[in-house]
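Peer 1: Handing you a structure now.
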Amino acid sequence: MRREGVFLEFISFVNNPDGTPRYENTVQYAILKKEWDHRQSD
Numbered sequence: 202m203r204r205e206g207v208f209l210e211f212i213s214f215v216n217n218p219d220g221t222p223r224y225e226n227t228v229q230y231a232i233l234k235k236e237w238d239h240r241q242s243d
């Protein structure tokens, strides 16, 4: 898998204990179907 993107300060639907919104960095990974199939056949 390879990193496709980073969402900096992505807002979640939860709040911190003080009531402020929680921002998180989120990383998205991907793999092509043909790459997955090739790994499964090894």
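Number 236 in our numbering belongs to position 35 of the sequence shown; there are no gaps in the numbering.
For each residue, glycine too, the CB sits at the ideal point set by N, CA and C.
#1: Please tell me whether SER213 and GLU225 are closer than 7 Å, where the distance is taken between their beta carbons.
#2: Give the straight-line distance between the Cα atoms of VAL291 and TYR230, rounded to the nearest whole angstrom.
#3: Once you ignore the five residues that flank LEU209 on each side, which residues in its own chain have a CB closer than 6 Å to its CB?
#4: If distances are taken between C-alpha atoms only, which option among PRO218, MET202, ARG203, PRO222 comes closest to PHE211?
Peer 2: On the basis of the supplied data:
#1: yes
#2: Outside the modelled stretch of the chain, which goes from 202 to 243, sits residue 291, for which no answer is possible.
#3: ASN226
#4: PRO222
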